[in-house]
Structure formats: structure tokens, C-alpha cells
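Going by my numbering, the sequence shown opens with residue -6, and the numbers climb by one from there.
Below is one structure, written out as C-alpha cells, with a few remarks after it.
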Amino acid sequence: MDYKGNYTVIGPPGTGKTTYMAKRVQRVAETHPHRTIAGGTPALVCSLTKAAAAQAAGKSMPVPKEAVATMHAHGWRAQGSPPLAEVAVDEFNKAHPGLAISASTAKSDDDVIGPQGVGSAPGDEYAAEYHHMRHACTPRHQWDSGVQAWALKWEAWKQEAGVCDFTDMIDKAPEEAPMDPAVVFVDEAQDMSKLEFLKLRQWGKSAGAMVTVGDPYQALYKWRGAHPEYLLDDMGDEERFGVLSQSYRVPGAIHARAMDWIRNINGYTPLDYKPTPEPGLVDYCGSDFKTPYSAIDLAQEKVAEGKSVMMITSCNYMTNPIVHELRSQGIPFSNPWRETNRNWNPIGPRKGTSMASRVQALMAGPRWTMKQFHLWTSCMQVKGLLNRGARQEIESHAQQFPTMVINDEQLHNWCYRGDMFTPSRWDLIWNHFQNGGDEGELYKNWIAGMKPESRRSAAFVTNIARVSGVQSLTEKPKLHVGTIHSFKGGEADVVILFPDISYASYEGYINPTSEGYDSVIRGFYVGMTRASQELHLCQPEGKLAVSL
């Protein structure tokens, strides 16, 4: 391929879009080695989300690390990495209390995770519409008068403070492609807004070539102004348009069901691709999201067979009953595609120390190292367990002598005599290590002495350790819970899909000619095609559901 001009490549589910792109980047790097001189790059790779950028970076592309990133990161760095509005937004709120925005609205997260609810601050609705209008490239005179008034205050403040907001990262980025690439590669193109697409075309023109990769039927971000139809503009040009025709994930039965489903979309254009040789399985499950018991039983059965499982809903709140039941049964689960969501990742790492590591440290007793002793005591509250000054002294010892094993005399002096612990609480914990007994009682007594904010996660994690053993806390869960949006780009052996939708989605779904209808169709198409072996379709909880 001679990379001059624009090229579009459609990648249906499981056809290896990222692998395709990595191979093309390799080819460009081989023919443009001089581009790395003076901070340039043979190719610039732009993704919409952090997860997709990380996936692309994991392909070890022969370009500088910073050449593979979200489009927002590229645009922000091209402007010299200006300070972000979110850092100083309190100043705007103090100056304009009637137009103040919440921290979540101001946040430039450099990620797109799904439709977000509008906050309750006075200016939140104006801010949300302001960014939407800019991404849609709607002329300012067509904006609501309230949004125009808010925008004048916001933009004057940004200029005075010398900061940029999330949309500025794209809107104010230079027309020249960052890092002087020979080719601009665009991943997840179906979810780019009009503003983003126009900027990408400027970058592609300045570079001399652009390769756009995506799938209009996997578009999930129409709510933010995405235009997946752009991908089909060059469909008739065989030299500039292509379809990856072989899926390496979706087996026959699931492929057939998913294709039957996506053909319901308005203006369906055939983008045929072949399934894997495996037959696959499509089956039904009697659970709904509010009573997920048999679905959870099914998930456990599949995990016991060594398979990975996704339990997928269309909305965040629909995962809550599933999460609650998994917690109560002590079943490990996670969502590695959305590690920032604590509800879906109660075990996994986050800032600070995880509760799983604390439980492991506790169960290393009675021969604790200083570090282990500090780990399991650091979440304790002073009142009722530790004496005043004990936490600081334990932490100091852990920093100085992390691997030193605490001997019996030190434990006696620190704990039994009450220099560190309240004797009654220490006796309850120490009794387990001296005389054995039920681990459940040990955990119960430990949790009773914790800070209130630690108790909820501790109850779940200790339940897992009690049911499945402490070693289960070090294993990556094979069961994953989340929404269709959260699993975009992911896959699992088994998908358990719940058909319910929100009231807002249902209002669009009952109008077969609307964009709301098409959004629902695309969403469940994405959900179905996460499965590489089995697809299990659950029952609706009520009338607000699709017929899968």
C-alpha cells in the first residue's frame, strides 16, 4: 500500500483491527526510519479511549511511546501541555456561583467511558451542552441562549487563568499532525465526534496520509456526537476502502445471531465477515438482572471449567444486584477494562493498599514481618483496638525494618501488655494463631476494630478468603461484571447478556426510525460479539427490554 491520501478499513468484531494497524505501522516505520530524528515519528496512532490506546501500545509498535495515545493526549501535548481547567475550577465557581460546575463536569479524564449523568451544580447542564455543541460543530448562534451566556463567562475565565478544558484539547490543537508523522492512524474511528474527525483530517492532510480503522456497527458514542457514517464515505472506492473479512473470535452460532440482530438497524449496509470454524453456542438463561441467581450459578460453572465469563448489562445500575449477590456469596469478580470503577473491582489494585493484601498479611501470622504487621493493622481505628501512638510506631518500624520477623517477645510487649493493642481486642485476634479456630471468627474480630470506611470491602474480601482460600486473592478473577460500554474492545469465552434497557433508551427503541433505536441495536450487537464460545441470553426484568 502506498500511503498517500486517506484509507478506510472496516474491522468487524474479532477481526484483529489492532493487529492490522500494528502491522501497517511496522511497514511505515521500515520505510520512514528518518522520522524519529528530532522527536518525530513514522506514524501517529490516535485512539478515543485510554483502554484502546493501551491495547495498541501493547502491540509493541516501532514508534516512540508517546506516538501511541488518545487523540486528546496528542492534542494537549501539541499545545504545550497547558494547565487543565479542572485544577482551578474552584476559582471560576467562586467568581460565578450562579454558573458553577461540579468537579465531575470539569474533569478532563482523557477517557470516554459512556453516557454520564448531568451533575446538580447550577452550570452543569450548560457545560454539558456547551461541550456537546462544540463536538458537533454547531454554529454558536444556534446554541441555547443560556449556554451562550455560560460560555462567555467560562471562556473569559479560561483565557484569564491560562487553562484549557477537555474539548480545547482537540479544538485548539494545531492543524499540523503532532510529531511530524508520515501517516496518521485512527483507531475506534466510529466513535469520533465531528470535531475530532475534522481535526484528524487536518492531521492526515499535513502528514500526507491517514488510515482510518473502525466499525460503524460497533459505534457506542452517538450521544457525544459521533458520526460512524463517515466510515462509509469511500465504500465504493476499492483502492481506498477495505473490510477485514475474517473474525478470529466470533464462532458460527453467535455470528449468525449477531448478524440477524444488526440487520435491524436503519440503512443497513452489508459488511460481511466470516466466523471462526467453531460452532459456538447460543442459549437462554432464566435469570433477570434483579434475580441473577441462576446466571451466577452458570457463571461459576463456566469459571470452574476454566473459562472466562462476562456478565453484561446495558446500564450501570443494573449491575448492582449482580454485584450484591456476588459479594454475599464471596465470589471473586472484576472488570479489568474499567479498573477505576471500585464497585466492579473490589479486590484489585488502586491507589494505596488493597484489602486483599491486608488479608494476606494478616494470615501470614503469627510470624509476621514488620511490613506484614503494618499492612493488616494500618486500617484499624485507634478507639477500641490500637493505643494512641501505636500506628505511627508500627509504621516507623515497618519503614526501617520491613523484612524483619517479629519475635514472640516483641509481640508480647507490643500487644499482650497493651503497649500497642487494647488487650481485649488483641486476645480475640491472637487466640486464633495460638489455638486455631474458625477463620470466620478471626475476620469478624479483625473487622470489628477497623475504621468504618474499610469494613465494607473487608467483609467481601474476607468472605472470598474464607470460601475459596487466601490464595484466591492473588489470582485474577475469570468472572467479569460491567456494562456494554465498559466491555467494548474486550472479549470472554462466555457472555451472559441481560436484555433490559433504561427508560430513556426504551423511548428511542420503540421508534424504529430513530437514532435511539439504532443505538440500542448497536449496543447489544457489541454485547453479543464479546463472546468467543458461548452466548447466554437472560430474561427481561420488566417491559423495558429488547427481544434478543
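All C-beta atoms in this analysis are idealised placements derived from N, C-alpha and C, irrespective of residue type, glycine included.
Fair warning: this is a prediction, and the values are worked out from it, not measured in the lab.
Next on the checklist: Helix, strand or coil, according to DSSP, for Glu527 in the structure here?
Outcome noted: strand
Item to check | Per DSSP, the bridge partner or partners of Cys157 | outcome: Leu77
Checklist entry - Among residues of its own chain, excluding the 5 on either side of Pro395, which ones have a beta-carbon nearer than 6 angstroms to its beta-carbon? => result Met363, Lys364
Next on the checklist: Distance check for Val21 and Trp330, CA to CA, integer angstroms please.
Outcome noted: 30 angstroms
Checklist entry - Between Ile255 and Ile247, what straight-line distance do the alpha-carbon atoms span, to the nearest angstrom? => result 12 angstroms
Checklist entry - Counting pairs of Cβ atoms below 8 angstroms between the region 76 to 83 and the region 40 to 50, do you hit three or more? => result no
Checklist entry - Just checking, does the region 473 to 489 make contact with the region 305 to 322 on the three C-beta pairs under 8 angstroms criterion? => result yes
Checklist entry - Among Gln72, Gly116, Gly68, which residue has its Cα nearest to the Cα of Ala88? => result Gly116
Item to check | Contact the region 440 to 460 vs the region 347 to 360: 3+ CB pairs below 8 angstroms | outcome: yes
Checklist entry - Counting pairs of Cβ atoms below 8 angstroms between the region 173 to 191 and the region 223 to 232, do you hit three or more? => result yes
Item to check | For Gly107, three-class secondary structure by DSSP | outcome: Because Gly107 carries a pLDDT of 48, less than 50, the predicted location of this residue cannot be relied on, and the following value inherits that uncertainty. Reduced to three states, the DSSP call for Gly107 is coil.
Checklist entry - Given a threshold of 16 other Cβ atoms within 10 Å of its Cβ, counted over all protein chains shown, does Thr12 qualify as buried or as exposed? => result exposed
Item to check | Every unbroken alpha helix (DSSP H) inside the region 47 to 76 [4 residues or more] | outcome: 64 to 71
Item to check | Straight-line gap, Val487 to Lys471 (C-alpha atoms, nearest Å) | outcome: 10 angstroms
Next on the checklist: Less than 8 angstroms between the C-beta atoms of Gln526 and Leu193, yes or no?
Outcome noted: no
Item to check | the region 283 to 296 touching the region 428 to 446, judged by at least three CB pairs closer than 8 angstroms | outcome: no
Checklist entry - By Cβ distance, which residues of its chain are closer than 6 angstroms to His390, with the 5 residues on each side in sequence left out? => result Met363
Checklist entry - Exposed or buried, Met(-6), counting other C-beta atoms within 10 Å across all chains shown (16 or more means buried)? => result Caution applies to Met(-6), whose pLDDT of 46 falls short of 50 and renders its modelled position unreliable; the value that the coordinates give is listed next. Exposed.
Checklist entry - Looking only at its own chain, which residues have a Cβ that is under 7 angstroms from the Cβ of Thr1, when we skip the five neighbours before and after it? => result Thr205, Leu224, Asp227, Arg233, Phe234
Checklist entry - With distances taken between CB atoms, is the gap from Ala200 to Ala170 smaller than 8 angstroms? => result yes
Item to check | Three-state class that DSSP yields for Met(-6) in the structure shown | outcome: With a pLDDT of 46 at Met(-6), under the threshold of 50, the predicted position of this residue should be treated as unreliable, though the coordinate-derived value follows. Note: Met(-6) maps to coil in three-state DSSP.
Item to check | C-alpha distance - Ala202 paired with Val177, whole-angstrom precision | outcome: 6 angstroms
Item to check | Between the CA atoms of Ala212 and Gly516 - distance to the nearest angstrom | outcome: 8 angstroms
Checklist entry - Start and end of the alpha helix (DSSP H) containing Phe178? => result Run containing Phe178: none in the alpha helix (DSSP H); it sits in the beta strand (DSSP E), 176 to 179.
Item to check | Cβ contact check for the region 126 to 133 and the region 67 to 80: 3 or more pairs under 8 angstroms | outcome: no
Item to check | Residues of its chain near His367, where Cβ-Cβ distance is below 7 angstroms and the 5 sequence neighbours each way are ignored | outcome: Ile387, Glu388, Ala391
Checklist entry - Contact check, Tyr241 vs Thr8 under 8 angstroms by CB: the rounded distance? => result 7 angstroms
Checklist entry - Which runs of the beta strand (DSSP E), 3 residues or longer, sit entirely within the region 248 to 324? => result 274 to 277, 302 to 306
Next on the checklist: Quick test of your reading: Val236 and Ile3, contact by CB under 8 angstroms. State the CB separation rounded to the nearest angstrom.
Outcome noted: 5 angstroms
Checklist entry - Going by alpha carbons, who is nearest to Ala402 out of Trp361, Tyr436, Leu435, Cys39? => result Sequence inspection shows Glu at residue 402; the Ala mentioned does not correspond to that position. Ranking the options by Cα distance to Glu402, first place goes to Trp361.
Checklist entry - Rounded to the nearest angstrom, how far is the Cβ of Met162 from that of Thr34, given a contact under 8 angstroms? => result About 19 angstroms separates the two Cβ atoms, so there is no contact after all.
Checklist entry - Exposed or buried, what is Asp230 when buried is set at 16 or more other beta-carbons lying within 10 Å of its beta-carbon? => result exposed
Checklist entry - Run through DSSP, which three-state label would Tyr510 get? => result helix
Next on the checklist: Distance check for Met303 and Ile315, CA to CA, integer angstroms please.
Outcome noted: 12 angstroms
Next on the checklist: Once DSSP output is grouped into helix, strand and coil, what is the label at Ala542?
Outcome noted: Nothing can be reported for residue 542, as the shown portion of the chain is limited to -6 through 541.
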